[in-house]
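Q: Have a look at this one.
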C-alpha cells in the first residue's frame, strides 16, 4: 500500500474498496445509508483505506467528516465527537433549542449538562440537516481508542443511518470494543498476499536488492506498514544487499518496539517534543497551543529533523501529525515514567487553571497520595456523570481513589466509580471494582451506595437476585432515615432495582419492603408498584399523565420506572421510549431496547424480530447478561407467534437453565405461555390448554402481574376448541369481574375477543354482535396478530353458520398472517377459505403438493386425524358424525397415496 503526499495509492485491496464503493454509491443514489467496519491488526492499512474512501467520496461530492481516536484521549468525554462534528456546527441553527444546547454543551462551546443520548439525538438531527445538500461520509479511525461518550454516540448513529444518505466507515483493531459490538458490515483487513506485497514493497522501496526484498517480504508477512517501515531501519549497504541484514523483527507489539528503537536514537529535545505531541491530543493542543507554550529557538530545527526521519510533521494548521498511530503509541511506550509525568506537567501548565483537561494532565503527572487533587478529580468525575459521561467519570473517580491518602476515602471513591461504570456501559469493569471492594472495608456512610453497586452487578451481569432482597431493603431504610445522604436520588434507583427483583422472582421479602417504602418514592415509583401488583382501572392513562407531567430532569431519574410500568401493562407507549432513547445514558438503553422489541411484537412489526437477537448479542458483549436473557425471551415471542417450535425450543434451552437457577419465575412463566401459544398455532389445543392452566386456572385470575389478565384470549380459544365452553365462559366472567378491560387498551381488546370466542353456541345475532364489539374496541387495529386471530375465529364461525362475509374476513386474516410469516396460522386460513369454496395458493412452508388436492374440510379432518384423534373426537371438534368423518378419510387416503392413519402426519408434512 503506497502513499504519497497527495493521495493514497492502493495495491490490492479489491474486496475492501468494492465494499466501500458500494456503500458510497448506495448513499449517493439515495437508496439508504450504511456502515462499514474495517477490522484488522495494527499496520494492516486501515488508515490508508480510510484516506482512499475520503478521496473517492469527495470526488462524488460527499461532505467528509473525520475523527481519530487516541489512547491518551480516552477519558476526555466527547473528544472524538468534537473532531467529527466541528465542521457542521455552522448548521446547528437548524436544530431545536434543546438539541443545539445538548450538542454545544458536549463540545464545550457552552456551559451545561447534556444528558446521555441527547447528544446522539442532536448529532443525528445535525447529520439529517447536512445531507440535505450533499451525502455525508463519516470516517472514524482507531475506534478502539475513541472515548466512551463519543463511541456511544457513534454507535447510536451507525444503528440509525439507514434512512439517510450517510456512510459511516470505522477502523478498529479486532479486539477493540467496536469490532465486537457494532451491528455493521465488518470487513477484515488481512495481510496482503505475497504477489501484492511484492508490488507494494517495490512501489515504496524500489532501491532494495533482491535478497533484501525477499527477507523484508518474509519478515513483514504481508503487513503493509512493516513493508513501508522495516527498510527504513536498514543502512544503505543493507538495502543494496552489501551488508548483512538485521535480526528478524516480528510484527504486532514488536512492530511498535521497532519505532521505539528509532526513537531511542533521537536527541532528547526531539524525544521530548514527540512525547508532548503524543500526549497532547485534544483540539486546543492539536491546533498548536502546546507547541507555542514550549517553543524555543531550537523547536523549528527539531521539527524539521522529525519530518526528515518520517516520524511526524506539522501540517498547515499547526497540527503535529504522526506518520501512523503506531508512532504515537511507540513514543509513549518508550518514554520513562518520569518523562511522561514531566510531559503531563508541562501540558497542564499550558492550560487555564479551570480547564478540566488540565486536571486530567495533573492526575497523570501526580504521585500518590494527593488528597487535594483527588478531591478535584472526584468533583470533576461527578460533573461528567451528570453530563452523561458516566464512563469517563468512573475513570476520574478511579484516579482519585489511587491518589487518596485514606483507605476509607479510597473505598468511597471506588464505590462511586463502580456505580458510574455500570451506568456507563462498563459493567464488566464495574464487577471487577465491586469484587475489589468486597475484599476491603467499605465505610458505613456509603453502605447504601455499595449495596446498590453490588446488586447492580449481581442482577445485570451475574443474573443473580439473592443480594437484591438481602441488601436493598436495608439500603432503603438507611436512605430514608432522617438526615440521610440521598446520594443524588439513589432512593428511586434502589427502589427500582428491588422492584425488578420482586417482579422477576416474586420474592415476598422484596414485595414487603417495596410496600413499606412506597411513600418514600415518586409517583412514578408508586405507579410502577401498582402496575405489577394491583393494576387497577386507567393504569395506562395514569402512566401517560405521569410521563407528560415530568420535567426532563425528573424523567431522567424515572426512566426505568416508566418503561417497566409500560411493560407491565403491555402498553406500547412509543412516544415514551422514543423520548427516553434521545435523552438518557447507556444503561437506560437496554431497557429501551427491551421495550422497543416487545412493542414490535405487540404491534405486528415482526420484520424487526431479528433486532432483539442483535441487541442480545450486544448486551452479552458488554456484560449485561440479564438484558441479553430478556431480549432473547422477547425474540421467543416472535417464534411462538409464528409457530416455529424448533427455534423456540432452542431459545428455551438457552435461557431456561439460567432463569431456573436465578428463580426468575417471570421468565419461566412466560416460556410456559409461549409453548402454549405455539401449540395453538399448530392446532394442538389440549397441549395449549394445559400450558395456560399452569399459569391461570379457568375462572380465576390470580393476583400479581397483569400479563396474566392478557392470557384470557389464549385460554378461552384453547378451551372452546377442546369442548370446554363452560370453562371458557367462566374465565371471561372472571376477567369482567377483575375489570381487566380497564387496565389498558390491549387488555380491553383481548377480553372482548375472548368474549366473542366464548359466545360460540349463543344466538347467531348475539355472537355476531360480540365479534363486532371486539372490532370496535378503540385501537383494536394496532394489535395485528391478535386481531388476525380474532378474524380467523370469526370467519370460521361465519362459514360454519353459512352466513355471508366469511371469505372477506378470512382473506384479511390470511394477508396479515402471511405478512407476519406466521405460516401455521396462514395455513389455517387457507383451510377455511377452501372449505368456503375459495381456491387458495398454499403458503410457503405449507403442506406437500399432495395435500393441496384435498378440500378444506378434508384437510381439516386429515390434520386432526394425524394428531391421533378418533373419528368420534374429530366429529365433536367439527360438529360432524363419526360416519361422515370416516367417509372423508376414505377419500383422503388415496389422494395422499397412503393406506393408514399412521402415515397421515408424514404425508401432510407435519413431522
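Numbering (the numbering used here), first residue to last: 601 to 1511. Using N, Cα and C, we set each Cβ at its ideal position, and we do this for glycine too.
Can you tell me where the alpha helix (DSSP H) holding residue 785 begins and where it ends?
A: Taking the first residue of the chain shown as position 1, residue 785 is located at position 185. Per DSSP, residue 785 belongs to no alpha helix (DSSP H); it is in the beta strand (DSSP E), 785 to 788.
Q: Answer with buried or exposed for residue 1081, where buried requires no fewer than 16 other C-beta atoms within 10 angstroms of its C-beta.
A: Numbered from its first residue, the chain shown carries residue 1081 at position 481. It is exposed - the Cβ of residue 1081 has fewer than 16 other Cβ atoms within 10 Å.
Q: Output yes or no for whether 8 Å exceeds the beta carbon distance between residue 637 and residue 829.
A: Here residue 637 refers to the residue found at position 37 when the chain shown is read from its first residue. Here residue 829 refers to the residue found at position 229 when the chain shown is read from its first residue. No, they are not a contact pair.
Q: On the CB-based measure, 16 or more other CB atoms within 10 Å of its CB, does residue 1215 come out buried or exposed?
A: Start at 1 with the first residue of the chain shown, and residue 1215 comes out as number 615. When all chains shown are included, residue 1215 counts as buried.
Q: Which residues does DSSP pair with residue 938 in a beta bridge?
A: Position 338 of the chain shown holds residue 938. Per DSSP, none; premise fails for residue 938.
Q: So the alpha helix (DSSP H) residue 1067 belongs to, where does it begin and stop?
A: For the purposes of this step, residue 1067 is taken as the residue at position 467 of the chain shown. That run of the alpha helix (DSSP H) goes 1066 to 1079.
Q: Measuring alpha carbon to alpha carbon, tell me which residue in 1242, 1229, 1382 is nearest residue 1253.
A: Counting from 1 along the chain shown, the entry for residue 1253 is found at position 653. Of 1242, 1229, 1382, the residue nearest in Cα terms is 1229.
Q: In its own chain, which residues sit with a C-beta less than 7 Å from the C-beta of residue 959, not counting the 5 before and 5 after it?
A: Reading the chain shown from its first residue, position 359 is the one you call residue 959. If we look at residue 959 and ignore the five residues flanking it on each side, its Cβ neighbours are 976, 977, 980.
Q: Can you check DSSP and say which residues form a bridge with residue 920?
A: Working through the chain shown from its first residue, we reach residue 920 at position 320. Answer by DSSP bridge pairing, in chain order: 914.
Q: Quick one: using the 10 Å Cβ neighbour count with 16 as the cut-off for buried, is residue 680 buried or exposed?
A: In the chain shown, counting from the first residue as 1, residue 680 sits at position 80. Per the 10 Å Cβ criterion, buried.
Q: Which runs of the alpha helix (DSSP H) fall wholly inside the stretch 695 to 727 and span at least 4 residues, in chain order?
A: If we require 4 residues or more, the alpha helix (DSSP H) runs fully inside the stretch 695 to 727 come out as 697 to 706.
Q: Can you find the residues in the same chain that come closer than 8 Å, C-beta to C-beta, to residue 691, ignoring five residues on each side of it along the sequence?
A: Position 91 of the chain shown holds residue 691. Cβ within range, chain order: 726, 729, 730.
Q: Does DSSP classify residue 970 as helix, strand or coil?
A: Counting from one through the chain shown, the residue named residue 970 turns up at place 370. Three-state DSSP puts residue 970 in coil, outside helix and strand.
Q: Helix, strand or coil: which one does DSSP assign to residue 964?
A: Here residue 964 refers to the residue found at position 364 when the chain shown is read from its first residue. If DSSP states are grouped into helix, strand and coil, residue 964 belongs with the helices.
Q: Is residue 612 close to chain B? Criterion is C-beta to C-beta, closer than 8 Å.
A: The structure shown has no chain B; it contains just one protein chain.
Q: Can you list, in chain order, the residues of its chain whose CB lies under 8 Å from that of residue 760, leaving out five sequence neighbours each side?
A: Working through the chain shown from its first residue, we reach residue 760 at position 160. Hits under 8 Å: 724.
Q: Cβ atoms of residue 875 and residue 939: under 8 Å apart, would you say?
A: On the chain shown, residue 939 is found 339 positions in, with the first residue counted as 1. On the chain shown, residue 875 is found 275 positions in, with the first residue counted as 1. Result yes, Cβ atoms of residue 939 and residue 875 sit closer than 8 Å.
Q: Can you list, in chain order, the residues of its chain whose CB lies under 7 Å from that of residue 764, leaving out five sequence neighbours each side?
A: As a working note, residue 764 is residue 164 in the chain shown. The residues are 633, 727, 728, 731.
Q: DSSP three-state label for residue 1040, please.
A: Taking the first residue of the chain shown as 1, we reach residue 1040 at position 440. Coil at residue 1040, not helix or strand.
Q: Alpha carbon to alpha carbon, how far is residue 812 from residue 849? Give it in angstroms, no decimals.
A: As a first step, residue 849 is located in the chain shown; it is residue number 249 there, counting from the start. As a first step, residue 812 is located in the chain shown; it is residue number 212 there, counting from the start. Note that residue 849 scores a pLDDT of 44, beneath 50, so its modelled location is shaky; the value from the coordinates is reported in the next line. Using only the alpha carbons, I get a separation of about 14 Å.
Q: By the 10 Å Cβ neighbour count, where 16 or more other Cβ atoms means buried, how is residue 1490 classified, buried or exposed?
A: Locating residue 1490 in the chain shown gives position 890, counting from the first residue. It is exposed - the Cβ of residue 1490 has fewer than 16 other Cβ atoms within 10 Å.
Q: For the pair the stretch 1193 to 1208 and the stretch 1381 to 1394, tell me if three or more CB-CB distances fall below 8 Å.
A: These segments touch.
Q: Helix, strand or coil for residue 647 per DSSP?
A: Here the question's residue 647 lines up with position 47 in the chain shown. Three-state DSSP puts residue 647 in a helix.
Q: Bridge partners of residue 770, per DSSP?
A: By one-based count along the chain shown, residue 770 stands at place 170. Note: residue 770 sits in a beta bridge opposite 637, 740.
Q: So if DSSP puts residue 666 in a beta bridge, which residue, or which two residues, is it bridged to?
A: Sequence index remark: in the chain shown, residue 666 carries index 66 (1-based). According to DSSP, residue 666 bridges with 739.
Q: Secondary structure at residue 1128, three-state DSSP: helix, strand or coil?
A: Counted from its first residue, the chain shown places residue 1128 at position 528. In the structure shown, residue 1128 sits in a helix (DSSP, three-state: H, G or I).
Q: Nearest by alpha-carbon distance to residue 1298: which of 1285, 1272, 1329 is it?
A: Mapped onto the chain shown, residue 1298 falls at position 698. Closest by alpha carbon: 1329.
Q: Among 696, 1367, 685, 1078, whose alpha-carbon lies nearest the alpha-carbon of residue 706?
A: Translated into the one-based positions of the chain shown, residue 706 becomes position 106. The shortest C-alpha separation from residue 706 is found at 685.
Q: Do residue 1224 and residue 1099 count as a contact pair if the criterion is CB distance below 8 Å?
A: Residue mapping note: residue 1099 aligns to position 499 of the chain shown, counting from 1. Residue mapping note: residue 1224 aligns to position 624 of the chain shown, counting from 1. Going by C-beta atoms, residue 1099 is not nearer than 8 Å to residue 1224.
Q: How far does the alpha helix (DSSP H) with residue 838 in it extend, from its first residue to its last?
A: For the purposes of this step, residue 838 is taken as the residue at position 238 of the chain shown. Looking at the DSSP string, the run of the alpha helix (DSSP H) that includes residue 838 is 836 to 839.
Q: Residue 996 and residue 1287 look like a contact to me (Cβ under 8 Å); what is the Cβ gap, rounded to whole Å?
A: Along the chain shown, one-based indexing puts residue 996 at 396. Along the chain shown, one-based indexing puts residue 1287 at 687. So it is not a contact: roughly 57 Å between Cβ atoms.
Q: Would residue 734 and residue 663 qualify as a contact pair, given that the criterion is a beta-carbon distance under 8 Å?
A: By one-based count along the chain shown, residue 734 stands at place 134. By one-based count along the chain shown, residue 663 stands at place 63. Against a cut-off of 8 Å, the Cβ pair of residue 663 and residue 734 comes out as a contact.
Q: Evaluate residue 742 with the Cβ neighbour count: other Cβ atoms within 10 Å of its Cβ, from every protein chain shown; 16 or more gives buried, anything less gives exposed.
A: Taking the chain shown and counting its residues from 1, the one referred to as residue 742 is at position 142. Buried is the call here.
Q: Do residue 1278 and residue 1240 come within 8 Å of each other at the CB atom, strictly closer than that value?
A: Sequence index remark: in the chain shown, residue 1240 carries index 640 (1-based). Sequence index remark: in the chain shown, residue 1278 carries index 678 (1-based). Yes, these two residues count as a Cβ contact at 8 Å.
Q: Could you tell me the boundaries of the alpha helix (DSSP H) in which residue 1141 lies?
A: Here residue 1141 corresponds to residue number 541 of the chain shown, with the count starting at 1. Start and end: 1139 to 1148.
Q: Which runs of the alpha helix (DSSP H), 4 residues or longer, sit entirely within the stretch 1182 to 1229?
A: Whole alpha helix (DSSP H) segments, 4+ residues: 1186 to 1202, 1209 to 1222.
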